[in-house]
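>
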Amino acid sequence: MAYLDELGFKIYRLREARTEKEFLIYNIKKDLYNVYSQKRCVEILLRELQDIDFNIVKFAIDVLGWDGKKCIPYKITAHLIQTELQLIDDVGFRPVKTKTYELENKKYFNCFNLIPTLNSDNYKDKEYSFEEFKKNAPYHYKLFSNLHNFDEKAIQDTLLKIADKIHYPDDKAQDCIIFYPGEGAGKGIFYKYIIQPIFAQYSSKVLMKKLNSDFNGFLKKTLILILEEGKRDPELVETLKEVITEGQILINEKGTDQYMADVYFLTFVFSNNMNPIDLGKRRGSYHLAHSLGKDINSS
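The following block contains the structure:
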C-alpha cells in the first residue's frame, strides 16, 4: 500500500542522475519537488513527516507491525522510501498535466507546475467573440491596437496565438510575432500586464543578441519567449530560424554538459527599428497564421 501517497508525498529514484541527486521527493499538496542523495532524502522526508505531526513510530507499530524496541524513526523512513519509490529515468519538462511522462522509451518526472492561468479547464464556457473583447476590455484593445498598427486581423491572430499556448502548450509554435511600433506604444506593458500574469515563470524576456551568447538556459522551461531590442543582424539569422521553428534546441548551461531539450515557446520580438529582423523567405515566420483551435473570428 502506498502510505506515503496518503501522507502527500511521492518518492522517485532517478536512473540517470548522479548519486548526490539520485532521489526525488515530490510534495503532492504543494506541487513542489527537490532532489537529494539517499541519506539526505531520508533525513528530509523524516522532517517533512514530523512537520505534519505524523507519529512514525506509532505508525510502524500499529500499521507495519514492527517491534516497538526496533522502531527507530530514521530506519522506518528509509524502509518506506525503499518500499514505495518509483524508478524513473530523469527529471524533464513538458507542459502537460501529468507529473510523469514517457518519451523514447524513457520515463521522466515532469517539473512543470500547472498554475491556474495555464489550466485550460479554467477557460471552458468563457469564449468571447472579438467584438465582445473590444467592448468588455477597451484598454486591452487600445494597447493591442497600438502594438499592431490598428490591424484588427493581426490583433486577433496574436490573441489566438496566446490562447494556443494555453490550450496546446506542448505544441511548438513556429511563428514569430514582431512588435515594432516605436517607443512608448506599450511593449513593456504588454509583457508586464498580459504575458506575465498568464504565463508567470514560463515567460522569458531577454535581449535578442543573447541568442548568440555562450549560455542559453533561458530557452528551456519557457512557453513565451520575448526578444528585446530586435535588429537586423546577419549573425543571428540562422539562430533565429532555429529558435522560432525547431522543436528541439541544444542547451548550454554553466557547469553542465550540453544537451538537446524539447522547446515549446511562442516567440515575440520587441523592437523600435522599422526593419527589426531578417529571417529570409519562409512560410510561417512572421504574423498571420491559422490558429490550432479556433477560427479568426473567435479569440
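Residue numbers (our numbering): 617 to 915.
For each residue, glycine too, the CB sits at the ideal point set by N, CA and C.
Remember, it's a predicted structure, so these values are computed and weren't measured experimentally.
Under three-state DSSP, which class holds I692?
For this step, residue 692 is matched to residue 76 along the sequence shown. The answer is helix: DSSP assigns I692 an H, G or I state.
> Name the DSSP beta bridge partners of I865, please?
One-based indexing of the sequence shown puts residue 865 at position 249. In the DSSP output, where bridge partners are listed per residue, I865 has A877.
> DSSP beta-bridge partners for R629?
Along the sequence shown, one-based indexing puts residue 629 at 13. F639, L703, per the DSSP bridge assignment.
> Counting only the same chain and skipping the five closest in sequence on each side, list residues whose C-beta sits under 6 Å from that of A676.
Counted from its first residue, the sequence shown places residue 676 at position 60. The answer, listed in chain order, is W682, C687, I692.
> Check whether the stretch 728-735 touches the stretch 658-669, counting contact only when three or more Cβ pairs, one atom from each stretch, lie closer than 8 Å.
Judged by Cβ distances under 8 Å, the stretch 728-735 makes no contact with the stretch 658-669, as fewer than three pairs qualify.
> Less than 8 Å between the C-beta atoms of K777 and I794, yes or no?
Taking the sequence shown and counting its residues from 1, the one referred to as residue 777 is at position 161. Taking the sequence shown and counting its residues from 1, the one referred to as residue 794 is at position 178. No. Outside cutoff.
> According to DSSP, which residues form a beta bridge with V885?
What you label residue 885 is simply residue 269 of the sequence shown in a count that begins at 1. Its beta-bridge partners are I794, L843.
> Quick one: what's got a C-beta closer than 8 Å to P813's C-beta in the same chain, skipping five residues either side?
For the purposes of this step, residue 813 is identified with residue 197 of the sequence shown, where counting begins at 1. Around P813: T733.
> Using a 10 Å radius around the Cβ and a threshold of 16 neighbouring Cβ atoms, would you call K626 buried or exposed?
In the sequence shown, residue 626 corresponds to position 10, counting from 1. So K626 counts as buried.
> Whole angstroms are fine: how far does the CA of T699 sit from the CA of K808?
As a working mapping, residue 808 is identified with position 192 in the sequence shown. As a working mapping, residue 699 is identified with position 83 in the sequence shown. If you take the alpha carbons of K808 and T699, they lie about 47 Å apart.
> Taking only three categories from DSSP, how would you classify V822?
Taking the sequence shown and counting its residues from 1, the one referred to as residue 822 is at position 206. Three-state result, V822: strand.
> Any idea which residues DSSP pairs N726 with across the strands?
Working through the sequence shown from its first residue, we reach residue 726 at position 110. Paired residue(s): G708.
> Between D741 and chain C, is the shortest Cβ-Cβ distance under 8 Å, so that the two count as touching?
Protein chain content of the structure displayed is limited to a single chain, and chain C is not contained in it.
> Just to confirm, are M876 and L852 a CB contact at a threshold of 8 Å?
Position 260 of the sequence shown, counted from the start, is the residue given in the question as residue 876. Position 236 of the sequence shown, counted from the start, is the residue given in the question as residue 852. Not a contact, by the Cβ cut-off of 8 Å.
> With distance defined between alpha-carbon atoms, name the residue in Y757, E636, I641 nearest to A801.
Numbered from its first residue, the sequence shown carries residue 801 at position 185. Per the Cα distances, Y757.
> Given a threshold of 16 other Cβ atoms within 10 Å of its Cβ, counted over all protein chains shown, does Q772 qualify as buried or as exposed?
Within the sequence shown, residue 772 is the residue found at index 156, counting from 1. Under this definition Q772 is a buried residue.
> What residues match up with V929 in a beta bridge as DSSP calls it?
The question about residue 929 has no answer here: the residues shown for the chain are numbered 617 through 915.
> Can you give the Cα-Cα distance for L719 and G708, rounded to whole angstroms?
If you number the sequence shown from 1, residue 719 lands on position 103. If you number the sequence shown from 1, residue 708 lands on position 92. About 10 Å.
> In the stretch 723-784, which residue ranges form an unbroken alpha helix (DSSP H) of at least 4 residues, counting only runs that do not cross its ends?
Correct list: 746-752, 754-763, 768-783.
> Mind reading off the beta-carbon distance from D705 to E636? Whole number of angstroms is fine, and I expect it under 8 Å.
For the purposes of this step, residue 705 is taken as the residue at position 89 of the sequence shown. For the purposes of this step, residue 636 is taken as the residue at position 20 of the sequence shown. So it is not a contact: roughly 17 Å between Cβ atoms.
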